[in-house]
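Q:
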Amino acid sequence: MSSNHINNHNRQRYSEMTSHHSSINNNDHVYQVGKLTSIALLVGTTSLALLGCQSSPAVSSTAVSKSMIDFSTADSAQSQAQGRAFNASLTAKSERYQQLFDQEKYPNTDNQAKSHLLAAIRQHLATEHVAVSQANYQAVPFIDPDSIDAGSSSLLRTIIEAYAYEPEDLDNDYLDGDSLYNDDNESGSNDNDGSYDYDDSDLAEASEETAVDEAEVDEVSEYGDYDVIDADETVDDEYNYDEDGYDPDGYNEYGYNREGYDSDGYNEYGNAEGGILSGVSKLKPNTLLKNYEAVQMAKQQSEDVEQGSQSATSTGVIGQMLSMFHRTPEQIAASNAYQYQNLTFNSVSQYKPKQRQLQSVYSYDYVTSTISSSIQIPLAFDFNHSKVTVDPSAIMPIVALVNPENTPLPNQMTSHTVSFGLPESITAQLPPAVLYDAAIAAIQSSMAELAPEHFSAVDIRSDAFAKEVGASQAVKVYFGSKQSGEMIGKTLKYMTKSLQDYVDANPQKYPDGAMLKTALAKVQLYNKGYQSADVGSLLQLIEAIGPISFNQINYYYLDRSDRLLGKQQRVNIGGDLMGSTTSVLNQVRYDKSSFNKHALTPLLTESFGPNAKAAIDGNAWMAEQRQQKDRLQTARDVRYDYSSDYADDDSGYDAAEYISPDSQDDTDIEDDADNRVDRQ
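Residue numbers (the working numbering): -8 to 671.
Written out as structure tokens, the structure is:
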């Protein structure tokens, strides 16, 4: 066969095959297009995903040859050049690695903000300064109405409601004639007028039960005991009851123990042993889940009442208490309009670090167009002299309740303040100055150990408070429950270490067996068993299941030289059980101008200034009160002896006519006691 014939035959077969495949492709055109489109999308998506994972392009052979030594050549000059290039490459890689992880030598933005703030706090606590603060309050719903969680209860409330759930028709079953007689006693019938018809079998059973009851009553003796059955021969032999009627397991013939509870922990009235929370350990998960479903269904079916009231009726007293605590949006708005909008907490303070003194005046003010009230309390701490000075008006109401007849009136006070000092027995063991220094150092060291990501430099160009204090930079510090707990744990450990160092430096003052030394050793032992972050995890757990929050946000405002000018603190208090969150916004200024023109500064100067009257010695006043009590008790004892002497003589004195010392005035008792002593 010629080559031309073969080629023509091949072309003909190819044409037929092409025509055949073309028809197939035309039929599956849509499928192929869809398949190709899917493949293209998959490849594109994979490319985009891998694009973000690529950290560096592939290293070329040229780059490798420049940074690596080629040992295949014997050229010394080339080898030396390659060695220098290799060392330079290693140095560059090491520097880049250090820049990524060495935040002390190459700090990032958070580390820089942290270092600026720590420097400002150290300078602030070591320098004498004044402070003016004002706190305002606002309440908001705990869950935003537009949130996806709106209408959902917290886990704590859900568990409480499911545990305390009681079916609403439980008690009605005993009052509903249909359920009692028609369901349980099918032979009985309920007429429309409320009367019931019984058949002969019902009457026969009732007669038999009555006869049995009468027979049991006949067995009761005239003393109320069962004397027909010999307990020693029958009951004791069969069940081993003791003389009180209890078997070896502690239960009587009715199945109750000596406390009146059965094996399931319930008494004859159906009450659980140990109170309302006693059944928590016995509550089965299936029962809890069914109760939860019933509570949620009851809430959904209550369309004519407010949300939560249905759960209150089905969960008894606990549900009613939860509903009482829960605040509605209308109540929150009313609190803001009539209370929080007019309420402020103000204070002025003067801090003297060298003298270890902090002097303040706190004011709780409520001012409206028609009402104005203010509670002002001067308070000062002197750690060098172990004294606390306070305005007596703040504690006189409490003293008047305890000792009303000896409480002086405000116009009888010789000074505006009263000072109380710690007993020498306490200060000898641990001077407050040492404790103060340990606390200040522990707070700074603990904050320095917090992770840098909790410190953030913020933009203050639109911050009105930053403009008021003249700040050029600000640092935001977030203290959540984990950070707050970590701070608590670290502060406790640092304080324990500082106090331990003080004890070790004074062995003559703290020998072996000293109370403080023993206590510190025990605390050190406990401190080894946990890490500071564990305290934060514990607070997170408490916050997750409890109606409490440990979150606070702090803004520190600094100048260009890292001097602290002001502080703004926001604390959120509340939870789902309350239905609201109360935000406390406290603004503090550390400038002399605000301090000098504040309305509370004159009271601070009057109470603790250089020309202030000397404070009343509260310890001497308390000692005088104790002595007066002792004298009154001695007088009463003498009076009792006086009555006994007259009752024993033959003078005809009637002891029944003697007036009790409690019915006489204290002064008369003392005078009578003095006369008694004089006669003797």
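Glycine included, C-beta positions come from ideal geometry on N, C-alpha and C.
How big is the Cα-Cα spacing for arginine 561 and proline 502?
A: Going from the Cα of arginine 561 to the Cα of proline 502 covers about 47 Å.
Q: Give the DSSP-derived three-state secondary structure of histidine 589 in the structure shown.
A: Three-state DSSP puts histidine 589 in coil, outside helix and strand.
Q: Kindly indicate which residue of Pro498, Gln531, Ala510 has the alpha-carbon position closest to the one of serine 475.
A: Ranking the options by Cα distance to serine 475, first place goes to Gln531.
Q: Any chance the segment 437 to 449 sits against the segment 458 to 478, with 3 or more Cβ pairs inside 8 Å?
A: Yes, the segment 437 to 449 touches the segment 458 to 478.
Q: What do you reckon, are the CB atoms on tyrosine 154 and valine 286 nearer than 7 Å?
A: Going by C-beta atoms, tyrosine 154 is not nearer than 7 Å to valine 286.
Q: When we look at the beta-carbon of arginine 630 and count the other beta-carbons within 10 Å, is it buried (16 or more) or exposed?
A: It is buried - the Cβ of arginine 630 has at least 16 other Cβ atoms within 10 Å.
Q: Measure how close the beta-carbons of aspartate 673 and threonine 335 come, nearest whole angstrom, since I'm counting them as under 8 Å.
A: What is shown of the chain runs -8 to 671, which leaves residue 673 out entirely.
Q: Taking C-alpha atoms, which residue in Gln69, Lys583, Pro320, Asp101 lies nearest to alanine 141?
A: Answer by Cα proximity: Pro320.
Q: Give the secondary structure of proline 601 by DSSP, where H, G and I count as helix, E and B as strand, and everything else as coil.
A: It is coil, neither helix nor strand.
Q: Just to check my reading of the structure: leucine 591 and asparagine 337 have Cβ atoms closer than 8 Å, yes? What is that Cβ distance to the nearest angstrom?
A: Contact flag correct, Cβ pair sits at about 6 Å.
Q: Does the separation of the CB atoms of glycine 565 and phenylalanine 133 fall below 7 Å?
A: For glycine 565 and phenylalanine 133, yes; Cβs fall inside 7 Å.
Q: Threshold first: 3 residues or longer. Then list the beta strand (DSSP E) segments lying entirely within the segment 109 to 146, N to C.
A: Complete beta strand (DSSP E) runs here, min 3: 120 to 132.
Q: What does leucine 595 pair with, by DSSP beta-bridge criteria?
A: None; leucine 595 has no bridge partner.
Q: Going along the chain, which residues of its own chain have a beta-carbon closer than 6 Å to the beta-carbon of asparagine 545, five neighbours each way excluded?
A: Correct list, in chain order: Val468, Gln560.
Q: Check whether the segment 600 to 608 touches the segment 393 to 413, taking contact to mean three or more Cβ pairs, one atom from each stretch, closer than 8 Å.
A: Taking 8 Å as the limit for Cβ pairs, the verdict is that the segment 393 to 413 does touch the segment 600 to 608.
Q: Scan the segment 57 to 104 and note each continuous alpha helix (DSSP H) run of 4 residues or more that stays entirely inside, going in chain order.
A: With a minimum length of 4 residues, the continuous alpha helix (DSSP H) runs that stay inside the segment 57 to 104 are 67 to 92.
Q: Is the beta carbon of alanine 439 closer than 7 Å to that of tyrosine 485?
A: Cβ distance not < 7 Å, so tyrosine 485 and alanine 439 don't count as in contact.
Q: Thinking C-alpha only, which one of Gly480, Pro443, Gln578 is nearest alanine 455?
A: Comparing Cα-Cα distances from alanine 455 to each of Gly480, Pro443, Gln578, the minimum goes to Gln578.
Q: Per DSSP, what kind of secondary structure is threonine 405 in: helix, strand or coil?
A: Three-state DSSP puts threonine 405 in coil, outside helix and strand.
Q: Terminal residues of the continuous beta strand (DSSP E) containing aspartate 356?
A: Where aspartate 356 is concerned, the enclosing beta strand (DSSP E) stretches over 348 to 358.
Q: With distances taken between CB atoms, is the gap from serine 571 to alanine 289 smaller than 7 Å?
A: Taking 7 Å as the Cβ cut-off, serine 571 and alanine 289 do not qualify as a contacting pair.
Q: Are at least three pairs of beta-carbons, each pair with one atom in the segment 507 to 522 and one in the segment 478 to 493, less than 8 Å apart?
A: Yes, they touch.
Q: If you run the structure through DSSP and keep just helix, strand and coil, what is tyrosine 517?
A: DSSP places tyrosine 517 in helix when its eight states are reduced to three.
Q: Can you tell me where the alpha helix (DSSP H) holding serine 326 begins and where it ends?
A: From DSSP, the alpha helix (DSSP H) with serine 326 extends over 320 to 329.
Q: With distances taken between CB atoms, is the gap from valine 393 to tyrosine 493 smaller than 7 Å?
A: For valine 393 and tyrosine 493, no; Cβs fall outside 7 Å.
Q: Since glutamine 94 contacts asparagine 102 with CB under 8 Å, what's their CB separation in whole angstroms?
A: Sure, about 5 Å apart at Cβ, within 8 Å.
Q: Quick one: is glycine 246 buried, meaning 16 or more other Cβ sit within 10 Å of its Cβ, or exposed?
A: Exposed, by the Cβ-count rule.
Q: Thinking C-alpha only, which one of Asp628, Ala72, Asp553 is nearest leucine 109?
A: Nearest option by C-alpha distance: Asp553.
Q: Should arginine 580 and glycine 609 be called a contact, given that it needs their Cβ atoms to be closer than 7 Å?
A: No, these two residues do not count as a Cβ contact at 7 Å.
Q: Could you give the residue range of the alpha helix (DSSP H) that holds valine 531?
A: Checking the displayed sequence, the identity of residue 531 turns out to be glutamine instead of valine. Note, glutamine 531: alpha helix (DSSP H), 523 to 536.
Q: Tell me, which residues are paired with proline 703 by DSSP?
A: Outside the displayed span of the chain (-8 to 671) sits residue 703, for which this structure offers no information.
Q: Which whole runs of the alpha helix (DSSP H) in the segment 561 to 588 are 4 residues long or more, in chain order?
A: For the segment 561 to 588, whole alpha helix (DSSP H) runs of length 4 or above, ordered along the chain, are 583 to 587.
Q: Hey, methionine 569 and phenylalanine 374: beta-carbon distance below 7 Å or not?
A: Cβ distance not < 7 Å, so methionine 569 and phenylalanine 374 don't count as in contact.
Q: Taking serine 340 and serine 354 to be in contact with their CB atoms under 8 Å, please state how far apart those CB atoms are, rounded to whole angstroms.
A: Between serine 354 and serine 340 the Cβ distance is about 12 Å, and since that is not below 8 Å, they are no contact.
Q: Would you identify the three-state DSSP class for lysine 467, choosing helix, strand or coil?
A: Correct three-state label for lysine 467: strand.
Q: Considering only C-alpha positions, which residue in the set Phe372, Glu152, Met387 is nearest to threonine 278?
A: The residue with the shortest Cα to Cα distance from threonine 278 is Glu152.
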